[in-house]
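As they're listed, the protein sequences go chains A and B.
Residue numbers for the first sequence follow our numbering, beginning at 829 and rising by one.
Residue numbers for the second sequence follow our numbering, beginning at 829 and rising by one.
2 protein chains.
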Amino acid sequence: MNSIIYLIPAFGVIGLIVMAIKSAWVTKQDAGDAKMTELAGYIADGAMAFLKAEWKVLGYFAVFAAILLGWSGSLVEDSSPLIAISFLIGAILSAFAGYLGMKIATKANVRTTQAARTSLAQALKVSFNGGSVMGIGVAGLAILGLGSLFIVLYQLFVPEGAAINGLEVKKAIEVLAGFSLGAESIALFARVGGGIYTKAADVGADLVGKVEAGIPEDDVRNPATIADNVGDNVGDVAGMGADLFGSYVATILATMVLGQEIDASGDNYQGLSPILLPMMIAGLGLIFSIVGTWFVRIKKETDSVQNALNIGNWSSIILTAIASYFAVTMLLPEKLVHRGFEFSSMDVFFAIIVGLIVGALMSLITEYYTAMGKRPVLSIIKQSGTGHATNIIGGLSVGMESTTLPILVLAAGIIASHAFAGLYGVAIAAAGMMATTAMQLAIDAFGPIADNAGGIAEMSQLPEEVRGRTDNLDAVGNTTAATGKGFAIASAALTSLALFAAFVGVSGISSIDIYKAPVLAGLFVGGMIPFIFSSLCIAAVGRAAMDMVNEVRRQFREIPGIMEYKAKPEYEKCVAISTNASIREMIAPGAIALISPIIVGFTFGPEVLGGMLAGVTVSGVLMGMFQSNAGGAWDNAKKSFEKGVEINGQTYFKKSEPHKASVTGDTVGDPFKDTSGPSMNILIKLTSIVALIIAPHIAQKNPASADLNSSPKIEAVTPVSGASETPRLPEK
Amino acid sequence: MNSIIYLIPAFGVIGLIVMAIKSAWVTKQDAGDAKMTELAGYIADGAMAFLKAEWKVLGYFAVFAAILLGWSGSLVEDSSPLIAISFLIGAILSAFAGYLGMKIATKANVRTTQAARTSLAQALKVSFNGGSVMGIGVAGLAILGLGSLFIVLYQLFVPEGAAINGLEVKKAIEVLAGFSLGAESIALFARVGGGIYTKAADVGADLVGKVEAGIPEDDVRNPATIADNVGDNVGDVAGMGADLFGSYVATILATMVLGQEIDASGDNYQGLSPILLPMMIAGLGLIFSIVGTWFVRIKKETDSVQNALNIGNWSSIILTAIASYFAVTMLLPEKLVHRGFEFSSMDVFFAIIVGLIVGALMSLITEYYTAMGKRPVLSIIKQSGTGHATNIIGGLSVGMESTTLPILVLAAGIIASHAFAGLYGVAIAAAGMMATTAMQLAIDAFGPIADNAGGIAEMSQLPEEVRGRTDNLDAVGNTTAATGKGFAIASAALTSLALFAAFVGVSGISSIDIYKAPVLAGLFVGGMIPFIFSSLCIAAVGRAAMDMVNEVRRQFREIPGIMEYKAKPEYEKCVAISTNASIREMIAPGAIALISPIIVGFTFGPEVLGGMLAGVTVSGVLMGMFQSNAGGAWDNAKKSFEKGVEINGQTYFKKSEPHKASVTGDTVGDPFKDTSGPSMNILIKLTSIVALIIAPHIAQKNPASADLNSSPKIEAVTPVSGASETPRLPEK
């Protein structure tokens, strides 16, 4: 066994040490006065209560799924009951990743508020360090978990001197797939549950508080305001942490599955290297993400926070790209062959570069479609001038339009990375994109921390300039949230494609031919899944928000003195509504994602399941972009009114009619951009992983007999000699 | 040549004679008093002005496209420059079908108003006869045109004694495909242009008139009211006529292409029969649709209009099904073989039945999702209680959910009809569904006629009871509009699948393997097309509606006395805004639909184009259902307030806050259900037809060399012996 393999968990350990240091630094910052710590305490308690309720349900699910996996793993030769253990480790680490992020975020929020009393630079330092703890922690956990589990499984399954691309290594990686399944299923529930929680609270708080009662956002008089701030933590932080943990693992795993099939021939055949490469790149990405965090700092109040983040982001990406060059050339042999496609180690490096370019372009395009002052958001602002309905039409139109360029970039990326290094190239491109996940997540998680900090500042009635600083950070957080989503969906698409390719290999089919009617039917059904999934998510938000609205209205009506700050609202009732609704409503969409590939696979076989996977992926990517970008654009259209906007020569501010229309759009966009939209990338990966896990069970041992288009009757008939000019399907 | 072929144009001639008789009957009905005829005159003039403007642009397009087609047809052996003529005939007949419908609708509207002064029975008779003229006329034109063109082309190309499934007949049918291309391209522009027209006017009229000025719909003081009523005619009537003309032709044509490949072996080999069968079934469907129209009548004021329509519809469907049995058993040989799939004539009949069942289920499901009093609409009503935003969230959620059951039905229908009779079975199932197009269209066209009749009654300030009768008809029209759309999208999906199969045959490939990376990239790009297409359509409506709103506001402001009926609004300015906007904005989406398959096909070859077609079809069907059903549900949620709805124990009527929220949903739904949604089925068919037309130009003469997954470099390398356990792609 290549000794370089031990380097990988070491990277993870380094990450966790850095995380611990940063976490200690954040914790020892000043948490402000009694009012602030009281409010922060409510938020932290509410978040913890949600996680506990969620974990209880997910615990049952995980144990049940593990038993099922262990049992089925014992049925098939290529598989092993150990997959159950692997699954549980993945599930637990994923839940822990979410917990970690939430714990630090509920500390960093109030400390950021306190820091904002001093300077913008200090506030950025606290909030970004909070985000970094999460980013570095998630990546460290993933690398440590995957790397050490792989070592253990390798020791268990692979005898000394076994062929690298033989059955034993394959089996080890298939058991490792259980880790990814565990991570991704917890991610799905966390994302959907957290997404429903946060948006039910947000929509409910806004509709009654801002629109009906006319009090500001995050006003302490609003009974739903604590639930709203809890939501930022459980949805945007814990949900996102589990989500990116899952993406990161799935991407690495898919590349390992394909890497295992590589014929690494040539003079310097280096054994496991195609399998180790994705983990190695992830490890390097983690180290250079840590380096990158040092560059995120500002000195003066007028310095650009966005620039500071960009410098940190780009330096980690560029350093990782350079390091990848050395990793690729040192690890890989000169010539590699994967499924009959031959390529060089440099081709692999170029595929990584393709991945980085696709990721960067996706972020840029997403930013264009969601940023203030650009044509799409301006068009929504203009359409707010003629009312609620035209604002909605404008946002839906922008969201749909925003799929065009990303899809063209993605299609070009697929073709280019494939041209360089076949399907392994597509997978490694995704791995390259995801390498700096630690930095991406640090930037992403900084947003909700700043948002919360602003909320605490407002609720504690701190001076205007403090709120100004947190608003500055929050505005940057909105942009990074949108670009992060563009990035996540692109990596999910490439990862799904790699998983799809891995599925084809394991399931023993040689093509997925949509010219065959049942496969096309599978494509239709797969395409529909993201629609029903999204429908369930946004309907859940709508229902829970209605309950929240009615509860807030009731409290305003029945508790005298709230408006005069004389009575305290019953925050915990609103927290309970969000918690219960999200736990209840996350079940159905989660079940659809997990069960539908199993039903289709076992009923119609692997090729129809392949068609379904393609349908889920294409439709999921489109729906994800459409919903996330529409939501982001609506949000920033609404925000533009704070500084005043010009429509047909008149200037409008907050509380004007056009602003009210823009609030409607923002509210519709909330579940789009924070519940259903970002769930799409988990949905497509999870469906592919489930398919990969069941592949050995539904494998076609003899692909030649699997011609779905030929009639069962055909064998009884003498072949008709070809008077037709058109080619026929093979009749074997 | 089989003499039965002459029966087909004869069916068309019968249809046109019946149409002329019914048209004469409608024309001689009383058109009411001077005020009514004046208003009806404005509407007719506006509609005609739009058609003229549209035809001018489409004329240039048609001539240009015909030249291109003729030139390219002369380049390839299998093709012919005559395709240009075929294209022009299709285009002209399609435009004529729209004209015909609009001409009769603008006569029937005011006559229905006048009839409503007498009784509901009489009003139904006039309006349904108006619709029948259009339905029977469109079907008659299509059958006469296709049937006689086929006879001419057959005489021209096929020498006596030539093999039926030989090159000559194939060429004749490929030239006939030009007819379908002509019909479908005009349909696309008519649907999109008409859809933009009608919704810009409708949204503009409602936003200022109903919401701001507080005057009723169709009030004569509203400057946009004439444009609104013109819109019903150019969008819902002329647009829909061209649309269904195109669908009808495309379905028949796709079945003919596949039928031509059939090895009709056995004792009673009957020559052309698999090619003639779809035209024959269409002819029988026309005759029994005419019979069905006799059953649509009511006697008393309290009789159900919906029931009368249902009886007419079902009797025509059942009679056609029975007649199909005889047509199939008499025309077809016992045993048929298509592309290696063998089936009997009874299997073909069962496939037709599958098509009829799929169509019926689609209508039922659509009705459930859009009808008043059912769970989906009730949920939107409930969500209107908490404001504009939750109403929109509710409607979007219902629309997304509404794709689930229809897709499952469609997938089952594809698998079942394919199991009976292979790809020919899928095509003939679509042909079976479309057989009673004349009746479907009569029912569909009756809706906008009734809508217009109500508008004229309101504008002429006729007594309440007259408006009550037209409202009754209008409400039924809303339901039939929704179910008609469900039916149209299902038939479009099956037709596209048949065209897709035809494309595979003509382009010389033997599979469309989405496991190949470029094909999957094609699938992504194809899936994106319906999103950008919808975006352009609804953005166009949004922009045009803003112009309309500003113009109406200007007139209310600058023309004194409008509100007191003292001054007449400048109707023609609003008509001009809608006309210009729709002509200008229909170009871009139309161009995308026509040009994108050409670019992909010529750049990446037929297999990638096949992937793209699948993407367009799946995504287009989903987006079509989502948008049409969301729009229909919002519309009926709003309408429910007229009779009062109960939300949380309180009853709300028109002008209440929840009602205002429901108006927002209805307005958002307008472009969804009448512009972009119904355009989806033309988009998917048109893309497939364009692919079919260019197939001979991009055909792969040697499919074995087309393995997209193998590297160009591979040939220089000695094959590596298989240490891998996973199956490889063929390396040939």
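For glycine and all other residues, C-beta sits at the position ideal for the given N, C-alpha and C.
This structure is a prediction, so every number in the text was calculated from the model and none was measured.
Measuring only between beta-carbons, confirm whether residue i sits less than 8 Å from chain B.
i        : result
D1341(A) : yes
V1353(A) : yes
T1214(A) : yes
G1460(A) : no
I1366(A) : yes
Mind checking residue i: buried by the 16 CB within 10 Å criterion, or exposed?
i        : result
D1064(A) : buried
G1260(B) : buried
T1503(A) : buried
N1476(A) : exposed
A991(A)  : exposed
T1308(B) : buried
L896(A)  : exposed
Quick one: Cα of residue i to Cα of residue j, how far?
i        : j        : result
N1141(B) : P1161(B) : 31 Å
A1532(B) : I1337(B) : With a pLDDT of only 41 at A1532(B), under 50, the local geometry of the prediction cannot be trusted, and the value read off the model is given with reservation. Cα to Cα, A1532(B) sits roughly 9 Å from I1337(B).
S1144(B) : I1115(B) : 9 Å
N1408(B) : N1061(B) : 16 Å
A1278(A) : V938(A)  : 9 Å
V1119(A) : T855(A)  : 21 Å
I1242(B) : L1322(B) : 7 Å
P837(A)  : S1075(A) : 18 Å
F978(A)  : N1457(A) : 38 Å
A1266(B) : P1346(B) : 42 Å
D1071(B) : L1009(B) : 12 Å
K1466(A) : S1191(A) : 22 Å
R1316(A) : V885(A)  : Residue identity check: residue 1316(A) is Ala in the sequence provided, not Arg. Rounded to whole angstroms, A1316(A) to V885(A) spans 27 Å at the Cα level.
G1168(B) : L903(A)  : 37 Å
V1353(A) : A1329(B) : 19 Å
A912(A)  : V891(A)  : 9 Å
Q1383(A) : A1029(A) : 15 Å
G1350(A) : V1182(B) : 18 Å
Quick check on DSSP: helix, strand or coil for residue i?
i        : result
L1164(B) : strand
I1340(B) : coil
Y1399(A) : helix
T1121(A) : helix
S1172(B) : strand
D1095(B) : With a pLDDT of 39 at D1095(B), under the threshold of 50, the modelled position of this residue cannot be trusted; read the value that follows with caution. Coil.
Is residue i near the ligand HEM, judged by its Cβ being under 7 Å from some heavy atom?
i        : result
K1128(A) : Annotation note on the ligand HEM: not contained in the displayed structure, which lists no ligands.
Counting only beta-carbon atoms, is residue i nearer than 8 Å to chain A?
i        : result
H1246(B) : yes
P1346(B) : yes
V986(B)  : no
F1315(B) : no
M1374(B) : yes
S1363(B) : yes
L1251(B) : yes
Query raised in the report: Just by C-beta distance, which residues in the segment 1496 to 1507 of chain B are closer than 7 Å to chain A?
Result: Residues of the segment 1496 to 1507 of chain B with a C-beta atom less than 7 Å from some C-beta of chain A are V1496, P1499, listed in chain order.
Query raised in the report: In the segment 1218 to 1233 of chain A, which residues sit with their C-beta less than 7 Å from some C-beta in chain B, listed in chain order?
Result: T1218, I1220, I1221, G1222, L1224, S1225, M1228, E1229, T1231, T1232
Query raised in the report: Of all the residues that make up the segment 1438 to 1454 of chain B, which are near chain A by a beta-carbon distance shorter than 8 Å?
Result: G1438, G1439, A1442, G1443, V1446, S1447, V1449, L1450, F1454
Report task. Taking a Cβ distance cut-off of 9 Å, strictly less, list which residues of the segment 1197 to 1213 of chain B are near chain A, in chain order. Result -> S1207, K1210, Q1211, G1213
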